[in-house]
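What follows is a single structure, written as structure tokens, with notes after it.
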Amino acid sequence: MKWGQSKKAGTVLRSKQQLDHHQQEQEAEAEAAIVTTTCSSKTSWHKAATLRIQSTMLPFLLLVSMMVIPVPSFAEAPIMGVNYGQVGDDLPSDAEAVTLIKNLGAGQVKIYDTDPGTLNALANSGLDVVIGMDNTEIPSLGASAAAADEWIVANVLAYVPATSITVILVGNELFSSNFDIWPQLISAIQNLQTSLTNHGLTSITLSTACELSILSNSYPPSAGVFNASATSVLIPLLQHLEDTNSYLYINAYPYFAWVSDPSGIPLDYAIFSSPAAMLSDGQYSYTNLLEAQIDAVYYAMEAIGFTDVRLAISESGWPTAGGVGADLTNAEAYNNNLVKYILSGVGTPKVPQVFVPTYIFALFNEDLKPGPATERNWGLLYANGSAAYTINLADPYTSSSSSSGSSPTFQSPSDSTTGSYISSTPDLLRCGYTAIVLTFSSVSFLGILFNLIWII
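Take the position in the sequence shown, starting the count at 1, then add 173; the result is the number in the working numbering.
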């Protein structure tokens, strides 16, 4: 059964015996002599040898000690984001929305345009902001460097640094349609990049948000491949992202894959609550559908020569009403487990220990969105600002109670040889700091041990 399908196409590490009291005293004296480097009872050649072995063993000791703790790669703070859409006529004000976003524990917010009221409300909020644009704006930005510069001046320069704009997404889900815009995407990004550079805004990166159906195949993940028709655009896009250390943003929805085949795809696999691996793909095993979908994109990029471009999830979530499996229990389970999974920094089986920036869809239910009823029911909050269910985007492990009942919890197999998770405990969020302490502690202990052996 195919457990890695796209949104649109229905797509997918780990004693020395105790010495007696007399020996402990001798070794304590020897250790003190080493630390102070006096070594008064030793010959000069012995001191030199001690120093020499310390020097030559240090790289080895560092290597061994660093193998003790796996450290997720955080190019940025491991914080969650949320999508703030405004396709509704009964939503809170921008100022109220900013307060609600912060109360949820989000550290980043993604908006779909450059509305002045929203950008002003986000000023000095402490939130990093991803801005977007309508797909119809791309052709003019691609055709004219002057137009791109005007866009940056009006929509970025006018708000920074008070509003912490960090990313500009040039378009959203271009690759399932909008074929006439594809040729202008790269030139638009290049023109906008030139303007950012000219204005000294080099910390702001550019990308685009792609639908998962940009993959023509995603099952198994190792067979992930992009649509052939889009590769002529994707290759220069990925080159730009690699050159500027930016991300490829993907809208990934396990819900759509599951709902397309609910009898074939286990619900637990879709909402991160499977107690064991559900899919084996070569050396890797997958316990949830989202990581399979992410790895399919990694494999697709690799297939066209790109192995260093990072991925971010620009949209992911679960609806609370309006369709099969769209209810509060499943939405609460999915989004809470999503937060635990992302903040743990475990990455994916193919690209482990790498943080994947993620923006939950969405902040509010939006009553004016067209399409099926599910489209209007993705909110973490109702339009009046009340919570649809309990969720904490900063510390999901405190989200233990809920009005919709108990929810399954994110499962994390400990066998790293399968390519699955190493740990899902909250302490992993702090393992970068812990590793530093343990590294020096390990070096100190092993260094003393080697010196004792040499001196004795």
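No residue lacks a Cβ here, since even glycine has one placed at the ideal position from N, Cα and C.
Is Val343 closer than 8 Å to Ile377 when the C-beta atoms are compared? Inclusion of Ile377 and Val343 in the CB contact set at 8 Å is not warranted, their separation being larger than that value.
Near Thr291, which residues of its chain fall below 7 Å by C-beta distance, leaving aside the five closest residues on each side in sequence? Taken in chain order, the residues that qualify are Asp267, Ile284.
How would you write the range of the alpha helix (DSSP H) that Ser313 sits in, first residue to last? 311-316
At which residues does the alpha helix (DSSP H) containing Glu548 begin and terminate? Here Glu548 belongs to no alpha helix (DSSP H), and DSSP marks it neither H nor E.
For Lys542, which residues of its own chain have a beta-carbon under 7 Å away from its beta-carbon, when the five flanking residues on both sides are left out? Val260, Glu548, Arg549
Identity of the residue in Lys523, Trp431, Ala556 nearest Val497 by Cα: If we check each option's Cα against that of Val497, Trp431 comes out closest.
From which residue to which residue does the beta strand (DSSP E) around Ser337 run? 337-345
From Thr339 to Ser391, what distance separates their C-alpha atoms? 30 Å
Touching or not, the segment 441-449 and the segment 404-422, by the rule of three or more beta carbon pairs under 8 Å? Here the segment 441-449 makes no contact with the segment 404-422; the two share fewer than three CB pairs at distances below 8 Å.
Reducing DSSP to helix, strand and coil, say where Phe364 ends up. Looking at the sequence provided, one finds Asn at residue 364 rather than Phe. The answer is helix: DSSP assigns Asn364 an H, G or I state.
Could you please give me the residues that DSSP links to Val255 through a beta bridge? Val282, Ile533
Pull up the CB-CB distance for Glu539 and Gly254, whole angstroms please, since I reckon it's below 8 Å. At roughly 17 Å, the Cβ-Cβ gap does not stay under 8 Å, so Glu539 and Gly254 are not in contact.
Could you please give the first and the last residue of the uninterrupted beta strand (DSSP E) stretch that includes Thr378? 378-384
Per-residue DSSP class, three states only, for Ile387: helix
Quick check on Ser405: does DSSP put it in helix, strand or coil? helix
Looking at Ser487 and Ile533, is the spacing between their C-beta atoms short of 8 Å? no
Three-state secondary structure assigned by DSSP to Val326: helix
Going by CA-CA distance only, name the one from Gly278, Leu273, Leu484 that's closest to Thr571. Gly278
Just the Cα atoms here: how many angstroms apart are Asn624 and Ala450? With a pLDDT of 46 at Asn624, under the threshold of 50, the predicted position of this residue should be treated as unreliable, and no value is reported.
Exposed or buried, which one is Asp263 when buried takes at least 16 other CB atoms within 10 Å? By the neighbour-count rule (16 or more Cβ atoms within 10 Å), Asp263 is not buried but exposed.
Contact check, Gly315 vs Leu347 under 8 Å by CB: the rounded distance? That belief does not hold up - the Cβ atoms of Gly315 and Leu347 are roughly 12 Å apart, past 8 Å.
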